[in-house]
Structure formats: structure tokens, C-alpha cells
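Position 368 (the sequence shown) corresponds to 387 in the working numbering; numbering is contiguous.
Quick reminder that beta carbons are idealized off the backbone N, C-alpha and C, glycines included.
These notes concern the structure reproduced below.
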Amino acid sequence: FHISGGFTTILPYFPYDSVEHDTCHYSRKQTTMKSFMKVSLLLTTLATFTLANEDQTCTAEEHASGTCDKSQPQEEDDGKVDSEDDGLLAMVGTPWKKWKPCDHYEKFQQKCKPRKAECVEDKVDFYGTRGLGKAMLFSYSKAANPIFKEGCAPKIIDKNVKNVEKFGDPNEYTMFSLQHFLEVPPVVVEVGKDKEKPAQDDLGCAMYALTMKPRKKVAQRIEDTRALFPQDERRPVMGFQVQTGWSDEKLKRWGAWERLGECEDYPQYSNTTAYSIRDDKRGGVTLAKMTNLAATAADSAFGKGNWVPYVSSDSEAVRRYAGPVLSERSGFTSVMVPGTIGHNNGKRNRRTKEENIEISTTTIADYVLLSEVDLLIYISAGKFPTAVIERAMCPQRSLGLKAYPRHSLADAGHLLDKADREGGGLEEPGEPWIPKLDDKQLKDLKAAVPKGRRNPCWKEKFPSRACMCYYKLAHMPVLE
């Protein structure tokens, strides 16, 4: 690392990470510009386990005879950061001795050189059905930059240009529309450094400009959230952002998950969020471990009791778990955007217009506030944190851990959805649905469910239902 412009500059190399460099941030592909900056750390250093490897599946005969007891109860890893994480923490948690409060708009002026827009140019297009940060902000910014270069402010207009029914209608709020929530930028930003590809030049400046003037509802949500931070003085903020994919499941396959019911028949799987949200393909890293890792990094960078946690997720269960843990570690109440969270670009869905407006409001507020944190630690397979990092104007350390729990959840969701659509399975009046999965599908579920074949759900009489309920309960309110 080196000192630059009065700020410590840390340059780790991680998937989807960013690096701090004066007033701008760079994406992962730009961190490779100097080979000596590249650091390779295996995610196996993030967790060590002593769990048994024996398959937990019981036979029908074992269930009938009452002998289904494959192993002793398994102890969960406690999620604490161990000595093997020293290399990672030494980089992102290097003491930030010269940290000081930073004015984001002032840095925006220095970097992007905004000037008053003298004209407005419409840009009508279909910008996709992905989430705001996952892809759409990149699409919006690439469309806006050539207009900025011409000296005008872009008015981004979302339209279902081919009238694809399932994509929804912006006017009905079933398809996301930027103009419903953000006003046309009042300024033009400086672009054009890349004369061959102006659309890809200075995406961060475009993202900031496009989101700098939220409409009343979004502006109020941002201010309401800012009021939750300690007001006596400005302290460093550690942002913890986890995407599990649950908001996608609720949108795409909610009928199948809803058919499972409340899963009251498996109370033992309720309140397992800390260890059920994990990535077994990359070392078995758990949410519990990630949360403690983030807190330890913040302690190291800013000093114990000197930072405020900000928690963001597409799963309410993650916020419910991580919030109190980080509050205890930091000494300050974790800040979260109030309101309903979910997938902001819902297409045709079962949500009401008001619900779609609420979720989009929360998403935009969350995006803006995450871009203003000082230290960002995140888990994601999408572009939301990358868009956050692009928008950040002040120095921001960030670490993207290569853990993708959403992939396995989606695999399980596909299996459940297929069983629902095919109409198979046992479902007697008053009795819970037992999804019908063949041997191949059960094998696929075994690869997708947390802990794989070691999951205790395989010891249940109906593992297809038990394992799906294990997943659902990890993301749902705790059963009473």
C-alpha cells in the first residue's frame, strides 16, 4: 500500500473488489494494471470445519423402525475469524490513521467537474429487467454519457419497446422506470476521455449525476436513514452487504415456495440464518463468519468502538441476524434503510403498485447510502456492489468475498418450481405438500442444500420437503 493525497490506499485483488485512490474508485479488472498488486487468497482460509462427511439420508426401513440416527448432532462453526484470515484482514483492515470525514458532493465536483445543463435530451429505450444495481445503472450510465459529452442532460426513459407482456409497464410500476424516482440531472458532467468509447467513460460520474436528485419519496427515505446514524459527530461507516438471492426467489418462484406453507413441521430449522446462508462450493463460508470478518476488519481499520455498521441485504433474515451482531461488536446500533426490501424490477408480478413503489424506493436509498460508506464488505454474484463502488466519490475501501449463496438457492428453487408446475407430490387435505423429486433431482438438491449431504434434513422422513423448508426458514421470520 501507499499514501496518496492524504489517504491510505489499499490495493488488494479480490473478485469484484474496488480500490481506493484519491477521489475515484476502480473495478476489479482495473486492479490488474500492476502485477505486484495482485494477491491470491483461497477462500478456504475463511472457514475450517470438523463436520462429519457421512451422508445423512435415511432409508424408508430406518424411518419405519425408528433407527434413523446417522450421526451425533453436528456442531456449527462459530463464525469467528481465525488466524488463517490474517492475510486478508491485514489488507482491508490496515489501520486507516488518516481517515477523516469527506464531503461526497465536493469530491463529485472535483472529479466530474459538473456544470449547469443548458439542454435536455430524451433517451428512450428498454434497459432490461434486471435489478437496479445488477445491470440497469450500468445501462443507464452508458446511455447517458454520449449525451453528457454533447453538453446536455440525459432524460432516461424506460419503455417496453417491443411490448413484451411479461416485462410489464413502467406506467403501472410493474417495470422499473428511473424517471419515477429520480429527476433529470441538473448538471452535465465531464466525459470524453475515451474518445473511441464515450459511453463507457466515467461511469461513476454518470451514476452519481443520474442519482443526485431523487424525487420526494426517495429523498425522504434517504434523509430518514441518515437520521439513524449517530448525530453527535461523523464516524467511519462499515457497510455490510449480502445478496442471498431470496428476493429473486420471492419474485420468480414464490408460488412454489408459498405452497410449502409456513413449514411449522420443522421448527428445528427456524432461526438458522447464520449458518444456512453459506457457500459450500467455496470453503463452506457462512454468514456468521462473514459478519464477524466484517466487524474485525472495521475494528482493525478504525479501532474498536469507533465505527458505525450499515447493513444491506435482499433478505430480511440477513438484516435480522447481522444487525444485532454488528451492533454488539461496534457499540453503535446498526443502520438499515427502513421499509420493504425486494427485487426492484418486478416485471408482471403479484405485488401491488404501492408495493412496487415501496421496494424501488428502498432499493435506490440503499444504493445511495452504500456508496457513501467508508469500508464496504460484500457477498454477491451480481453487480449491485460494483455499481455502489462506481458511484462512490470519497475514498472507500472494499472487499468482495467470493461467496455466492444465491446460486445454490436458485438451483433448489428451480427444482421446487418444477415439482410445483408438474403437480406431483403428496398433498392430502389439511396436510403439507411433499414435493415429488426423482432420484436425479434429489441428487441435485443434495448438491444445492446448505451443507449438502451432511444437512440434517436428509434424516427426515420426507427429505424433499424438509430440505426445501430448511432453505425457506433460513430466509423467513423465526417461527414462534
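Alpha carbon of Arg370 to alpha carbon of Lys455, nearest angstrom: 28 angstroms
Use the C-beta contact count for Arg138: other C-beta atoms within 10 angstroms, 16 or more gives buried, fewer gives exposed. Per the sequence presented here, residue 138 reads as Cys, with Arg not at that position. Exposed, by the Cβ-count rule.
Output yes or no for whether 7 angstroms exceeds the beta carbon distance between Asp299 and Gly432. no
Using the Cα positions of Pro404 and Phe200, report the straight-line distance between them to the nearest angstrom. 20 angstroms
Where does the unbroken alpha helix (DSSP H) through Pro424 begin, and where does it stop? Pro424 to Glu441
Just verifying my parser: in three-state terms, what is the DSSP assignment at Ser353? coil
Quick one, are the C-beta atoms of Met226 and Arg416 less than 7 angstroms apart? no
Return the residue from the list Ser353, Pro451 and Ala384 that minimises the CA-CA distance to Arg339. Ser353
Going by beta-carbon coordinates alone, are Val210 and Asn164 separated by less than 7 angstroms? yes
Per-residue DSSP class, three states only, for Pro173: strand
One question on the structure: do Asp430 and Arg272 come within less than 7 angstroms of each other, judged by their Cβ atoms? no
Which residue comes first and which comes last in the beta strand (DSSP E) that contains Ser332? Val327 to Ser332
Per DSSP, the bridge partner or partners of Thr305: Arg297
Cβ-based neighbour list, Ser54, same chain, cut-off 8 angstroms, excluding 5 preceding and 5 following: Annotation note: pLDDT 28 at Ser54 (below 50); position unreliable, no value reported.
7 angstroms Cβ cutoff met for Arg245 and Pro120: no
Please identify the residue among Asp439, Lys421, Ala336 and Phe157 whose C-alpha is closest to the C-alpha of Tyr294. Ala336
Measure the C-alpha to C-alpha separation of Lys402 and Lys323 and round it to an integer number of angstroms. 31 angstroms
When you compare the CB positions of Ala162 and Pro204, do they come within less than 7 angstroms of one another, or not? no
Output the distance between the C-alpha atoms of Asn290 and Gly223, rounded to the nearest integer angstrom. 39 angstroms
Could you tell me the distance, in whole angstroms, from the CA atom of Leu65 to the CA atom of Gly303? Reliability fails at Leu65, whose pLDDT of 30 lies under 50, so the model's placement of it is uncertain and the value that follows must be treated cautiously. Using only the alpha carbons, I get a separation of about 8 angstroms.
Exposed unless 16 or more other CB atoms sit within 10 angstroms - verdict on Gly449: exposed
Where Ala384 and Glu441 are concerned, what is the direct C-alpha to C-alpha distance, given to the nearest angstrom? 40 angstroms
Can at least three beta-carbon pairs, one atom from the segment 259 to 270 and one from the segment 470 to 489, be found at a separation below 8 angstroms? no
Hey, how far is the Cα of Arg278 from the Cα of Gly150? 26 angstroms
Identified DSSP bridge partners for Pro417: It should be pointed out that residue 417 corresponds to Ser in this sequence rather than to Pro. DSSP lists Leu395 as partners of Ser417.
Leu434 and Leu464 closer than 7 angstroms at C-beta: yes
Do Gln260 and Tyr397 have their C-beta atoms closer together than 7 angstroms? yes
Buried or exposed by the 16-neighbour rule on C-beta atoms within 10 Å, applied to His494: buried
When DSSP labels each residue in this structure, what does Phe157 get in the three-state scheme? helix
How far does the alpha helix (DSSP H) with Asp385 in it reach, from first residue to last? Lys372 to Leu389
Report all residues from its chain with a CB closer than 8 angstroms to the CB of Val356; omit the five preceding and five following residues, and keep chain order. Arg240, Thr244, Ser331, Thr381, Ala384, Asp385 and Leu388
Between the alpha carbons of Asp318 and Pro286, how many angstroms are there, rounded? 36 angstroms
Those residues which DSSP pairs with Val208 across a bridge: For Val208, which the question treats as bridged, DSSP gives no partner whatsoever.
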